[in-house]
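The numbers in UniProt numbering rise by one with no breaks, and the one at position 17 of the sequence shown is 17. For every residue, glycine included, the Cβ atom is placed at its ideal position computed from N, Cα and C.
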Amino acid sequence: MDDAYRELPFPGTDMALKTVHYVKGIEEPAIFNHSMRSYLYGRFLGEQQGLQPDGDYDDELLFLGCLLHDAGLSAEGNGDQRFDIDGADLAARFLTDQGMSAEKVDVVWDAVALHLHYEIAIRKRPEIALVTAGAGYDLGPEGPHTLPADYVHRIHAALPRLHAAAVLYDTIVGQALGKPHKAPPFSMPGELVRQRTRETWPTWEQLMTQPPSWNDYDGYQSKRCE
């Protein structure tokens, strides 16, 4: 692990070190730093719930999930799906190639794929829930738990923010403008693109009646929404 991180409680397993090297090589520095901080915040939030690393959850899997959760925003991860799913698939390929068991790979896949879906992720096992919690805390530290100021200073000294929220926005939108199907209506990427382009989303009825359709609205008279 880089000397700059040695005072922070990152896992030092071979898999963790290989993944740090891999992700640092494919991601923007701002996104890499965000991913590393997400682990520290996820671990902290877990401790506030009484969850202990490698006691109540697999600390290495939490770290890998955090580190890889935005891998879909890299050039290597930019496929033809939403970036969260592209990232999950890239994470699974990388970890499988490193010899990780299918059972553990599945946990990381779920952690990455669900990190935009807070209400679902927090009901899952800690390795999944804390990825979402940590990533969210790094972008907006809401909630009842406040990190000690000196710890925050140490984290940001080792892992500068580098305009993280702005870089994430531009990267998500940039991918989607190049491949519009990566940002379907009503998804988080879709909403960010709508904010950038000011386009109007289609209504539910418009979506359901564009061809080909089953003509569910032909002759229908609403009884509830008038």
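Candidates the options: which alpha carbon is nearest residue i's?
{"i": "tryptophan 204", "options": "Pro9, Arg194, Tyr217 and Ile128", "result": "Tyr217"}
{"i": "threonine 197", "options": "Asp170, Pro212, Lys223 and Asp84", "result": "Asp170"}
{"i": "threonine 13", "options": "Asp58, Pro211, Arg125 and Met188", "result": "Asp58"}
{"i": "proline 184", "options": "Val167, Leu67, Gln206 and Arg82", "result": "Arg82"}
{"i": "alanine 111", "options": "Gly99, Gly134, Gly50 and Ser213", "result": "Gly134"}
{"i": "histidine 34", "options": "Ile26, Phe94, Gly50 and Ala165", "result": "Ala165"}
{"i": "glutamine 195", "options": "Glu76, Ile172 and Leu95", "result": "Ile172"}
{"i": "leucine 45", "options": "Thr146, Ser222, Lys223 and Leu159", "result": "Thr146"}
{"i": "proline 180", "options": "Asp3, Ser74, Asn78 and Pro211", "result": "Asn78"}
{"i": "serine 74", "options": "Asp2, Pro141 and Ala30", "result": "Ala30"}
{"i": "arginine 161", "options": "Asp138, Pro144 and Gly143", "result": "Asp138"}
{"i": "histidine 117", "options": "Val108, Ser187, Leu51 and Asp97", "result": "Ser187"}
{"i": "leucine 8", "options": "His156, Ala92 and Lys182", "result": "His156"}
{"i": "tyrosine 5", "options": "Leu207, Ala158, Gln52 and Gln210", "result": "Ala158"}
{"i": "glycine 136", "options": "His115, Leu192, Pro144 and Arg224", "result": "His115"}
{"i": "proline 189", "options": "Met208, Pro202 and Leu168", "result": "Leu168"}
{"i": "alanine 91", "options": "Ile26, Thr209 and Asp3", "result": "Ile26"}
{"i": "alanine 16", "options": "Gln52, Val108 and Gln206", "result": "Val108"}
{"i": "phenylalanine 32", "options": "Asp3, Gly72 and Asp80", "result": "Gly72"}
With which residues is residue i paired in a DSSP beta bridge?
{"i": "tyrosine 57", "result": "Pro53"}
Kindly indicate the opening and closing residues of the alpha helix (DSSP H) around residue i.
{"i": "methionine 36", "result": "29-48"}
{"i": "aspartate 14", "result": "14-26"}
{"i": "arginine 82", "result": "Neither: arginine 82 is in no alpha helix (DSSP H) and is coded neither H nor E."}
{"i": "glutamate 191", "result": "188-197"}
{"i": "glutamine 221", "result": "Taken as a continuous stretch (DSSP letters only), glutamine 221 belongs to no alpha helix (DSSP H), as it is neither H nor E."}
{"i": "glutamine 206", "result": "204-209"}
### Query
Is the segment 144-160 in contact with the segment 174-191, if contact means three or more CB pairs nearer than 8 Å?
The segment 144-160 is not in contact with the segment 174-191.
### Message
For a minimum of 4 consecutive residues, which ranges assigned as the alpha helix (DSSP H) are wholly contained in the segment 97-163?
### Response
For the segment 97-163, whole alpha helix (DSSP H) runs of length 4 or above, ordered along the chain, are 102-113, 118-121, 126-139 and 149-158.
### Task
Indicate whether the contact test is met: 3 or more Cβ pairs, each with one atom in the segment 20-29 and one in the segment 62-82, closer than 8 Å.
With the cut-off at 8 Å, the segment 20-29 and the segment 62-82 touch.
### Query
For the 8 Å Cβ check, are there 3 or more pairs between the segment 115-131 and the segment 44-59?
Contact holds: three or more Cβ-Cβ distances are below 8 Å.
### Query
Can at least three beta-carbon pairs, one atom from the segment 96-104 and one from the segment 2-12, be found at a separation below 8 Å?
In short, these stretches do not touch, since the Cβ pair count stays below three.
### Query
Any contact of the segment 35-51 with the segment 78-87, i.e. 3+ C-beta pairs under 8 Å?
At 8 Å Cβ cutoff, the stretches do not touch.
### Query
Using 8 Å as the threshold, is the segment 21-35 in touch with the segment 65-78, meaning 3 or more CB pairs across them?
With three or more CB-CB distances shorter than 8 Å, the segment 21-35 counts as touching the segment 65-78.
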